[in-house]
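Position 285 (the sequence shown) corresponds to 284 in numbering that gives the first Met the number 0; numbering is contiguous.
Below is one structure; the comments refer to it alone.
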Amino acid sequence: MVIVRQRSVLAGLRVREVMRRRVTRLPGKATLSHCINQLVKNKISALLVIDGEEHPIGVVSKTDLIGAFYAGLPLDTRIDQIVAGEPLFRLPDDSLESAIDLMHGKGVHRLYVMGADGGRIVGKLAYPDIVALLYRYCRACPNSSATGRRSATAAADAQRLRVSEVMTAGVLSCPLQTSLAEVVEQLTARRFGAVVVTDAADVPQGVLSKSDLVLAYKHGLGINHPATAVMQTPVLSCGRDDLLTTALRQMLLKDVQRLFVHQGQPPRMVGVLSLSDSVRFRSGSCRACISGRLIAGE
């Protein structure tokens with residue numbers, strides 16, 4: 000009997016083939032101010048916290064930092080005072096799919112790679128690394144629009160995934176005069192990474208992310224300042240019916256974690272496309288990968 004089963008395009012890959020070997024880490028006695036400087040300098044969302052013997056004791060993320068901002072902690076507070084969660088680990092030879100499952104299951108955007116001897120950290124795996132790999136697959140695929148060439152058949156066109164098939168529906172928004180404290184509360188309660196700032200007519204005027212809040216903290220702005228004081232413009236977005244490949248390319252080129260998704264005229268924000276959404280599909284940016292993963296066995 001012939002059995003047809005699906006296998007992810009990432010099947011067979013190991014963590015070591017995708018991970019980054021550079022890991023930003025700080026001792027627990029480092030200050031919040033120094034931590035923010037390192038996040039900005041290295042364009043990362045979290046760093047590893049180590050003890051005096053360089054053993055990992057936790058992770059400090061932008062979420063932890065905006066919590067410190069909200070609580071009014073001084074910037075010279077030690078980072079080991081706000082470490083909330085323990086880092087998650089995988090080994091270099093673990094499957095990439097098991098690492099993705101762990102990240103999804105725990106709701107985290109990164110994990111660390113422990114050396115085979117269990118004594119030291121040798122790398123880090125995050126969603127941008129996995130999306131970049133999937134995009135490289137798309138670039139090499141003759142059926143994908145990532146190559147910049149028109150596909151040869153209508154069938155190939157029909158296989159391409161659209162943003163609407165991958166995005167998370169719904170957008171978190173707030174009025175222009177919303178305080179930074181209220182924004183922190185909304186982002187924390189909804190587990191979102193950014194909020195769209197709108198005017199009285201509900202037209203998007205800017206976006207306020209965790210990165211913007213962390214910088215506001217660093218620059219000494221009060222938690223009761225309005226969203227307009229730190230929001231970024233314009234709102235980076237893509238169309239609901241855009242090709243997923245086009246949206247992925249935009250995120251990678253602009254080095255952003257998400258795009259808001261618009262629909263209609265005038266444009267109305269209807270969802271968010273994040274790097275984690277893209278990884279969840281594990282099939283590149285079109286159904287050609289899916290059909291290519293169908294294997295027969297007995």
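Glycine is no exception: its CB is placed at the ideal position from the N, C-alpha and C atoms.
Since the model is a prediction, treat every value here as computed from it, not as a measurement.
Query raised in the report: So who's on the other strand from His108, going by DSSP bridges?
Result: Taking the sequence shown and counting its residues from 1, the one referred to as residue 108 is at position 109. Per DSSP, His108 has no beta-bridge partner at all.
Query raised in the report: Lys123 and Val59: beta carbons closer than 9 Å?
Result: Position 124 of the sequence shown, counting from 1, holds the residue named residue 123. Position 60 of the sequence shown, counting from 1, holds the residue named residue 59. No.
Query - 4 or more residues per run - each alpha helix (DSSP H) lying fully within the segment 157 to 199 - result: Listed in chain order, the complete alpha helix (DSSP H) runs (minimum 4 residues) inside the segment 157 to 199 are 179 to 189.
Query - His224 - DSSP class collapsed to helix/strand/coil - result: On the sequence shown, residue 224 is found 225 positions in, with the first residue counted as 1. DSSP places His224 in coil when its eight states are reduced to three.
Query raised in the report: Counting pairs of beta carbons, one from the segment 219 to 239 and one from the segment 170 to 184, are three or more of them closer than 8 Å?
Result: At 8 Å Cβ cutoff, the stretches touch.
Query raised in the report: On the three-pair Cβ rule with 8 Å, is the segment 57 to 77 touching the segment 183 to 202?
Result: Result yes; three or more Cβ-Cβ pairs closer than 8 Å.
Query raised in the report: Does DSSP put His261 in a helix, in a strand, or in coil?
Result: Walking along the sequence shown from the start, residue 261 turns up at place 262. Here His261 sits in strand by DSSP.
Requested in this report: Starting from the N-terminal side, write out each stretch of the beta strand (DSSP E) that is 3 residues or longer and does not extend beyond the segment 31 to 97.
Outcome: Within the segment 31 to 97, the complete beta strand (DSSP E) runs of at least 3 residues are 45 to 49 and 55 to 60.
Query raised in the report: Do the CB positions of Asp254 and Lys40 come within less than 9 Å of each other?
Result: Mapped onto the sequence shown, residue 254 falls at position 255. Mapped onto the sequence shown, residue 40 falls at position 41. Their beta carbons are not under 9 Å apart, which means Asp254 does not touch Lys40 by this criterion.
Query raised in the report: In this structure, does DSSP put Gln204 in helix, strand or coil?
Result: In the sequence shown, residue 204 corresponds to position 205, counting from 1. When secondary structure is reduced to three states using DSSP, Gln204 falls in the strand class.
Report task. In the DSSP assignment, find the alpha helix (DSSP H) that holds Pro233 and state where it starts and stops. Result -> Within the sequence shown, residue 233 is the residue found at index 234, counting from 1. If you look at Pro233, you'll find it isn't in any alpha helix (DSSP H); DSSP assigns it neither H nor E.
Query raised in the report: Around the Cβ of His54, are there at least 16 other Cβ atoms within 10 angstroms (buried) or fewer (exposed)?
Result: Walking along the sequence shown from the start, residue 54 turns up at place 55. The residue in question, His54, is exposed, as its Cβ has fewer than 16 Cβ neighbours within 10 Å.
**Report entry** Burial state of Ala125 (16 or more Cβ within 10 Å)
**Finding:** Taking the sequence shown and counting its residues from 1, the one referred to as residue 125 is at position 126. With 16 or more other CB atoms across the displayed protein chains lying within 10 angstroms of its CB, Ala125 is buried.
Query raised in the report: By Cβ distance below 7 Å, which residues in the same chain neighbour Val278 in space, the five residues on each side in sequence not counted?
Result: As a first step, residue 278 must be located in the sequence shown, where it is residue number 279. Excluding positions up to five away in sequence, the list reads Ile99, Tyr126, Ile129 and Val130.
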